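These notes concern the structure reproduced below.
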DNA sequence: GCGCTTCTTTAGAATTATTCCAAACTATAT
DNA sequence: ATATAGTTTGGAATAATTCTAAAGAAGCGC
Ligand SMILES: [Mn+2]
Ligand SMILES: [Mn+2]
Ligand SMILES: [Zn+2]
Ligand SMILES: [Zn+2]
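Residue numbers (our numbering), protein chains in the order written: chain A, 199 to 340; chain B, 199 to 340.
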């Protein structure tokens, strides 16, 4: 039997996490949090999470998946990765780190934050502050 | 009087450039090339170029603007900058360089290639080769 | 220039990702 | 239990981009 739904413990943990983010632990949010944070870090899109939820037997509308992803991002539980103009990726790894992006198949691979060093970033224009520095290493089949 | 259309010399130059890229110098392509390459490097979107063309009295459909931007990019005359999931930016600066991206108003500002150094990029997975390394410095009003 | 072939342009329809909306729910506080 | 404010949802609406097929223009040999 495939392990489809996250266990109760991780769901309770998810509910607690939501409460402390000021979000009501609704059935949908708890279930999505369970799917997102119960396992290793990974990358996803609204569509892929929606599909995963369906596969796990969780009924959620796509609109709610979008709402939830944005709320979780707002709350710092997810980060957004911009690598392709056509799709929005989200990342359960919110620490400072970078990515390989495979232009052939759209796959994202983490590069640990300590690995890469960016030097020489000029100071931003007056009145602006650096929010973050994103590095995308675009790769292709050799 | 505002200088609307590029002068004849730069249009001839544009036509030559197109021919050597294997593209027929049609009225539309020559005009767009004139708007794109006659001045300093800059960033643009399909919509903004389409609007600029209209203002200069050049009749071109939006579909042709999209086609042309892609063909020019293919030919190495433009590069594409991915910073926002909602819009596709193009850049007349095709040399190696990086960008500030202002999250407040969507403005792009060049960072010279020599300024930034990225160290520690791990080698890509077997069979893959690095196409390029993009650095986006996201800034916000302080 | 003429005719032929091939490439281009274009209006408008189609596609895709995402957001909006208003009505039907539901978590939480009292 | 009730009331209230926050949530979910199906479906419509947006917006950027691509597709289609028909009409137009460029290049070539004559
Ligand atoms: Mn990761
Ligand atoms: Mn889109
Ligand atoms: Zn990541
Ligand atoms: Zn640039």
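Glycine included, C-beta positions come from ideal geometry on N, C-alpha and C. What you are looking at is a predicted structure, and each value in this text was computed from that prediction instead of being measured.
In this structure, the alpha-carbon of residue 340/A lies about 17 Å from that of residue 307/A. With contacts defined as CB atoms closer than 8 Å, residue 288/B and residue 296/B fail to qualify as a contacting pair.
In this structure, residue 329/A lies away from residue 285/B, with their beta-carbon atoms at least 8 Å apart. Look at the beta carbons and you see the segment 261-271 of chain B not touching the segment 263-274 of chain A: under three pairs across the two are nearer than 8 Å.
Those residues whose C-beta sits under 7 Å from the nearest heavy atom of ligand 4 are, from N- to C-terminal order along the chain, 239/B, 241/B, 279/B, 289/B, 291/B, 295/B, 297/B, 306/B, 308/B. For residue 303/A, the closest Cβ of chain B is not nearer than 8 Å.
Only residues of its own chain outside the window of five on either side were considered, and among them 212, 290 have a CB closer than 7 Å to the CB of residue 235/B, listed in chain order. Collapsing the DSSP output to three states places residue 241/A in a strand. Its chain contains 311 as the residues whose beta carbon lies nearer than 7 Å to that of residue 293/A, once the 5 sequence neighbours on both sides are disregarded; these appear in chain order. Taking CB atoms only, residue 328/A has a neighbour in chain B less than 8 Å away. Annotation: Cβ neighbours of residue 316/B in chain A (cutoff 7 Å, chain order): 314, 316, 333. Within the segment 232-305 of chain B, the complete alpha helix (DSSP H) segments at least 4 residues long are 244-253, 260-272, listed from N- to C-terminus. Within the same chain, and ignoring the five residues on either side of residue 316/B in sequence, the residues whose Cβ sits closer than 7 Å to its Cβ are 331, 333.
With 16 or more neighbouring CB atoms inside 10 Å of its own CB, residue 248/A falls in the buried class.
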